[in-house]
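Below is one structure; the comments refer to it alone.
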Amino acid sequence: MIKDALRIIVGLQPLPKGVMDRIDLIRFADANHILGQMAFHCHSSGSSGMADVFSNAKLRAAHDHTMLTYEMNRVERALAGLDLPVVVLKGGAYVASSGRASLGRRVSDLDILVRPNDLQEIEQHLLCAGWQPDDQTNNEYDQQYYRQHMHELPPLRHKSRGTVIDVHHALLPITARNTVDEAKMFSEAHELNTGNLKVFSPVDQIIHSAVHAYADGALDTPARTLVEQYFLFTELTEDEKSTLVFRAREVGAQMSVALGLWMVGHVFDQTEAKHLSTELRASWRYPALKFAMLNKLRDNWSSFIGKGYLYIRSHYLRMPLYMLIPHLMRKAIQWRPTPKTPPEFPFPQ
Amino acid sequence: MPTAEQGVESAQAVIEWTADPESWMSEEFNDTHLVFFKPSAETHFLNFLSFGALELVGSSPATNVTLWHALLSKFALSEQDLPLSLVETVVQQLDEAGLISPVSLDAQNS
Amino acid sequence: MHKTVKDLNSTDLNRALKRGSFTLRLGPFSHLIKGPARHLLPHLIGMYPECQASLDPDDVTEIMLRLKAPNVFRRFIRPQISPDPGFHVPAVPLPESMAPLGFEMGLNLSVALKTCRFVTIHAGVVAKNGSAIMMSAASGGGKSTLAAALHSEGYSLFSDEFALLDLDSADVRAYPRPISLKQQSIPIVRELLGADRVSDVISDTPKGDIAYARVAAESLAENNASAPVKLILFPNFQAGAQPLARRLNPAEAIMRLVAASTNYSLLGEPAYKAIVSMVKAAQTFEITYGTTEQSVQLVEQLAGEGPS
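Chains as they are written, first to last, in numbering that gives the first Met the number 0: chain U, 0 to 348; chain A, 0 to 109; chain G, 0 to 307.
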């Protein structure tokens with residue numbers, strides 16, 4: 000079922016005939032933040048209701064893209080004259096390189112990667128241009144925690160636009176068990192034709208996507224990740240595909256990339272991806288991880304085993320246990336109950 | 000036009016500003032101008048002075064000083080009515096709103 | 000020809016609501032609804048009797064609302080519901096008996112945040128003789144009462160909550176959901192429209208006492224009505240105030256409408272164009288009044304004078 004849904008969404012299978020089936024599919028896509036991708040890629044049904052749903056989704060994504068492009072412009076303005084290289088990551092990179100993965104992709108925050116030595120200067124310039132530490136993390140503990148252990152600055156929010164930028168100086172947390180050689184990826188990033196910001200090469204983009212999904216987080220948006228990696232992979236040229244295995248090893252991302260390719264191969268029947276995945280695999284944890292990923296994808300409620308394993312794994316990957324436990328304790332103490340007063344009808348400021 | 004050779008001036012003073020008249024749509028209502036700026040999708044509410052400055056920068060690049068002179072003659076104002084400092088404030092606000100940008104940045108972008 | 004809510008058999012309605020296949024057609028939208036039939040059905044029959052409806056959807060739709068228990072226990076123990084419009088909303092769970100409130104709030108959220116076919120502006124809209132009057136005010140600003148009062152004077156009600164501004168024509172579309180009433184406005188509207196048009200009061204909701212008033216059948220019948228806006232008002236109720244109308248600079252009116260829109264920034268350029276062209280063709284006033292009668296007189300006066 001889930002495989003069918005994802006294949007319909009990327010256009011590999013036709014839409015189901017029944018209205019209620021279509022409604023379920025729209026709900027699934029919306030809840031997994033891939034309705035926009037579906038609007039662009041899936042086979043048209045010709046129904047006017049579907050056209051409304053899709054045009055809403057496309058407009059939402061278009062709005063995100065406008066905002067993101069403008070934020071990139073603002074970052075360039077803030078860093079004008081510095082002449083330090085900045086790589087735009089994830090959604091921002093897909094939108095900026097306007098490939099298939101960008102069509103309908105929602106984006107909220109801008110993620111950028113800078114060289115560790117440039118971090119301070121860039122942070123200063125962003126602060127001068129109106130970005131400031133987000134309220135949620137603007138306390139001494141979080142600030143210290145981010146700076147000592149994380150691979151990014153605490154998120155910065157722009158004081159008048161309210162937009163958020165994540166400034167990374169590495170692709171994985173400092174305390175992470177896996178490391179990846181971002182300096183190598185940085186050096187092969189290429190400039191966008193719209194300015195002096197850069198993006199990773201197409202091969203490195205899919206590597207980073209895999210690292211982000213499988214070596215960093217708990218795979219929060221599994222459906223979106225899969226759809227994205229499918230587009231990124233199928234858009235590689237034959238030459239690029241042939242360097243993927245070598246490059247993944249070279250930057251130390253073989254495990255994540257193997258897993259990512261296996262998932263793409265499994266869900267979308269991409270024999271080539273499966274093949275490359277087999278070339279890369281080499282770990283005892285691999286079969287267990289595949290199991291956990293599939294579970295995670297299948298259902299968010301019924302697969303406690305898979306979820307639990309992923310949750311522990313994601314924290315385990317991020318930091319050693321002696322640090323993990325105090326961190327979770329601290330987070331528990333800082334947790335505040337949700338306010339009891341009802342939210343007013345959303346009236347924009 | 001001030002250039003880098005004039006040396007003593009601060010870096011800020013020699014910035015040349017530019018704007019793309021295609022990037023906005025505007026409507027005038029009783030001396031106030033409503034400006035929809037396409038790149039940010041934001042709607043701004045400008046007075047005659049800010050809008051005049053935007054139009055001038057849009058028609059040809061200008062530094063704060065050249066813009067100041069152009070505004071003085073456009074609105075037939077004296078230097079007492081319109082001090083340079085006010086123009087600098089207007090320019091800063093237009094820059095913050097993204098409506099104008101330094102020529103150097105624009106050159107990179109094109 | 001489509002059936003209306005009152006034509007449908009309540010057992011079938013019950014089943015369709017539980018299954019989540021019940022479809023209500025109103026204005027430019029089809030709403031697909033799932034929810035606790037026991038509390039929702041009386042509301043639908045009481046407030047939407049003339050509304051087109053079907054037991055099964057014939058197409059997918061942008062407005063899909065589920066009223067569901069916030070967790071598994073709340074399905075059985077002191078049942079609660081929260082509206083789920085298909086995206087995350089920080090809604091407070093309500094007792095199941097307040098399902099009508101959850102339903103109306105949920106639909107408002109869906110329309111406000113889901114549709115991109117119209118500029119949605121937080122405003123009441125009424126129409127007469129082919130032209131519309133828009134009244135924009137924050138919640139509690141008295142726009143529902145004013146809209147109900149004008150409706151009782153023979154204006155057809157387009158909406159007491161949303162102006163739906165067509166992106167191409169800049170006309171407003173009718174979307175006559177029941178008028179939502181809070182606290183003091185309940186007895187006033189009972190007086191204006193007749194007690195049989197007003198629902199039972201739901202007490203002690205997070206918004207205080209609330210009730211709903213049924214829109215006249217004629218307003219519902221003109222399901223696809225639309226009209227150009229000739230008057231844009233920013234009403235301001237102040238107990239004891241003398242009636243007063245102040246002409247507003249159109250630019251200021253536009254900025255206020257932009258602030259009152261739930262999707263202006265999302266739509267961008269087409270929304271800007273639609274609002275500008277609507278305001279340029281209309282008169283814009285801020286009005287202050289102390290009683291409902293004054294407000295109706297003031298509006299009639301403004302609607303009567305000046306070019307349309």
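Glycine included, each C-beta is placed from N, C-alpha and C at the ideal position.
Same chain, Cβ closer than 6 Å to residue i, neighbours up to 5 away in sequence not counted
i	result
G/Pro-249	Val-278 and Thr-283
G/Arg-245	Glu-285
U/Ala-209	Ser-255, Val-256 and Gly-259
U/Lys-57	Ala-38
G/Ala-216	Glu-49
Neighbour flag for residue i against chain A, beta carbons, 9 Å
i	result
G/Ser-135	no
U/Gly-17	no
U/Asn-72	yes
G/Val-311	Any answer about residue 311 of chain G is impossible in this case: the structure gives chain G only from 0 up to 307.
G/Val-4	no
G/Ile-231	no
U/Leu-309	Residue confidence for U/Leu-309 is low, a pLDDT of 47 falling below 50, so the modelled location carries little weight and cannot support an answer.
Start-to-end residues for the alpha helix (DSSP H) that takes in residue i
i	result
U/His-40	34-40
U/Lys-16	First-last for U/Lys-16: undefined, no H or E at that position.
U/Arg-6	1-8
Minimum Cβ-Cβ distance from residue i to chain G less than 9 Å
i	result
U/Ser-351	Examination of residue 351 of chain U is not possible in this model, given that chain U is present from 0 through 348 alone.
A/His-68	no
U/Ile-121	no
A/Asn-63	no
A/Ala-96	no
A/Glu-78	no
A/Gln-92	no
U/Ile-25	yes
Nonlocal neighbours in the same chain, by C-beta distance under 8 Å from residue i, ignoring five residues either side
i	result
G/Ile-253	Ile-274, Val-275 and Val-278
A/Leu-70	Leu-48, Gly-51, Ala-52, Leu-55, Leu-76, Leu-81 and Val-86
U/Ile-173	Gln-147, His-148, Met-149 and His-150
U/Val-113	Leu-83, Pro-84, Val-85, Val-86, Ile-121, Val-166, His-167 and His-168
G/Pro-56	Ser-20, Thr-22, Ser-29 and Leu-31
U/Tyr-145	Thr-136, Glu-151, Leu-152 and Pro-153
Cβ of residue i within 9 Å of any chain U Cβ
i	result
G/Glu-49	no
G/Ser-184	no
G/Arg-14	no
A/Glu-87	no
A/Ala-18	no
G/Met-63	yes
G/Pro-56	yes
G/Thr-60	yes
Sequence-distant residues of its chain with Cβ nearer than 7 Å to residue i (five each side left out)
i	result
A/Phe-44	Thr-31 and Leu-33
U/Leu-67	Gly-91, Val-94, Val-106 and Leu-109
G/Asp-167	none
A/Ser-39	Gly-97
U/His-157	Gly-129 and Trp-130
Endpoints, beta strand (DSSP E) assigned at residue i
i	result
G/Pro-82	79-83
A/Met-24	23-28
G/Gly-123	123-127
G/Asn-235	228-236
G/Met-97	Neither: G/Met-97 is in no beta strand (DSSP E) and is coded neither H nor E.
G/Arg-65	62-67
G/Tyr-211	207-212
G/Ala-52	51-53
Q | 3 or more residues per run - each beta strand (DSSP E) lying fully within the region 106-189 of chain U | A | 109-113, 130-132, 155-157 and 163-167
Q) Would you call the region 134-152 of chain G and the region 101-110 of chain G touching, i.e. three or more CB-CB distances under 8 Å? A) no
Q.
Does the structure place the region 59-69 of chain G close enough to the region 121-135 of chain G that three or more beta carbon pairs sit under 8 Å?
A. no
Q) At what residue ranges does the region 162-199 of chain G contain a whole run of the alpha helix (DSSP H), taking only runs of 4 or more? A) 184-192
Q. At a cut of 8 Å, does the region 49-61 of chain U reach the region 183-190 of chain U through at least three beta carbon pairs?
A. no
Q. So, do the region 34-52 of chain G and the region 11-28 of chain U have three or more beta carbon pairs nearer to each other than 8 Å?
A. no
Q.
With a threshold of 8 Å, are at least 3 pairs of Cβ atoms found where one atom belongs to the region 0-7 of chain G and the other to the region 44-53 of chain G?
A. yes
Q.
Whether or not the region 289-299 of chain G and the region 253-262 of chain G are in contact is what I'm after, with contact meaning three or more pairs of Cβ atoms, one per stretch, closer than 8 Å; do they touch?
A. no
Q. Counting pairs of Cβ atoms below 8 Å between the region 73-93 of chain U and the region 192-202 of chain U, do you hit three or more?
A. yes
Q. What residue ranges within the region 0-46 of chain G form continuous beta strand (DSSP E) runs of no fewer than 3 residues, ordered along the chain?
A. 21-25 and 28-33
Q: Count the CB pairs spanning the region 187-197 of chain G and the region 144-164 of chain G that are closer than 8 Å, and state whether there are at least three.
A: yes
Q | Complete runs of the beta strand (DSSP E) confined to the region 30-101 of chain U [at least 3 residues] | A | 85-87
(Q) So within the region 11-90 of chain A, which uninterrupted beta strand (DSSP E) runs reach at least 3 residues, ignoring any that extend past its ends? (A) 23-28, 31-36 and 41-45
Q) Pairing CB atoms from the region 175-191 of chain G with CB atoms from the region 231-243 of chain G, are three or more of them under 8 Å? A) no
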